[in-house]
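Everything on this sheet refers to the single structure shown next.
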Amino acid sequence: DDVTNAQISAVAAQADVVICAYVLVENSKALLEQGLGVVPSLLRAAPPAALFLFLDNSHLLWPPVIETAAAHGVLRREEPRWTGQGLQAAGNLCRNPLVLVKPAASSEPSHA
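Using the working numbering, the first residue of the sequence shown is number 27, and each one after it goes up by one.
So this is what it looks like as C-alpha cells:
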C-alpha cells in the first residue's frame with residue numbers, strides 16, 4: 027500500500043545498498059499487474075551511488091526491472107562472477123543476480 031511504500035522509500039533514501047532477495051519471483055504476478063510495486067519508489071528514493079542487488083531463483087522479472095531502472099536513471103552493472111572456493115557456496119545460492127547502480131551526482135560543472 028502507499029503508506030508501506032512511503033516507509034520503505036524513506037529507509038531507501040538513506041541506504042548505500044538496497045537488497046531484494048528472493049521476493050520478486052514469488053510475487054511476480056502481482057508486481058507485473060501493479061507496475062513492479064515498491065521497486066520504482068526504491069529506485070527513485072535511493073541516494074546517488076546507491077547499489078541495488080536483486081537476487082532471485084529466476085531472471086523472469088529482470089527485463090521490466092531493468093527497463094524501470096533505466097527510466098529512473100539507474101544503470102545495470104555486470105553481474106558478479108562467482109569464482110573460487112570461498113564464493114562457491116554464494117554462487118550456488120543465486121545464479122540470477124541483477125546489479126544496478128544509481129550514478130553518483132557529478133561534481134563537474136555542466137558544459138551546456
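Here a beta-carbon is modelled for each residue, glycine too, at the ideal position from N, C-alpha and C.
- request: Taking only the alpha-carbon atoms, compute the straight-line gap between GLU52 and ALA131 and give it to the nearest angstrom.
  value: Those two C-alpha atoms are separated by around 34 Å.
- request: Output yes or no for whether 8 Å exceeds the beta carbon distance between TRP88 and LEU58.
  value: With contacts defined by Cβ atoms closer than 8 Å, TRP88 and LEU58 do not form a contacting pair.
- request: Determine the direct distance from the alpha carbon of GLN33 to that of LEU101, and round the result to whole angstroms.
  value: Rounded to the nearest angstrom, the two C-alpha atoms are 24 Å apart.
task: Leaving aside the five residues before and after ILE92 along the sequence, list all residues of the same chain whose C-beta is less than 8 Å from its C-beta, in chain order.
output: Cβ within range, chain order: ARG102, LEU124, LEU126.
message: From the DSSP secondary-structure annotation, give me the bridge partner or partners of ALA77.
response: It should be noted that the sequence gives Leu, not Ala, for residue 77. Partner(s): VAL43, VAL127.
message: So for LEU101, helix, strand or coil by DSSP?
response: Under the three-state reduction of DSSP, LEU101 is assigned to strand.
query: Looking at LEU79 and VAL43, is the spacing between their C-beta atoms short of 8 Å?
result: Going by C-beta atoms, VAL43 is nearer than 8 Å to LEU79.
message: I need the boundaries of the alpha helix (DSSP H) containing GLN33, first residue and last residue.
response: Start and end: 28-38.
task: Spatial neighbours of LEU50 within its chain, please: CB distance less than 7 Å, with the 5 preceding and 5 following residues excluded, ordered by chain position.
output: In its chain, beyond the 5 residues on either side, LEU57, PHE80, ASP82, LEU87 have a beta carbon closer than 7 Å to the beta carbon of LEU50.
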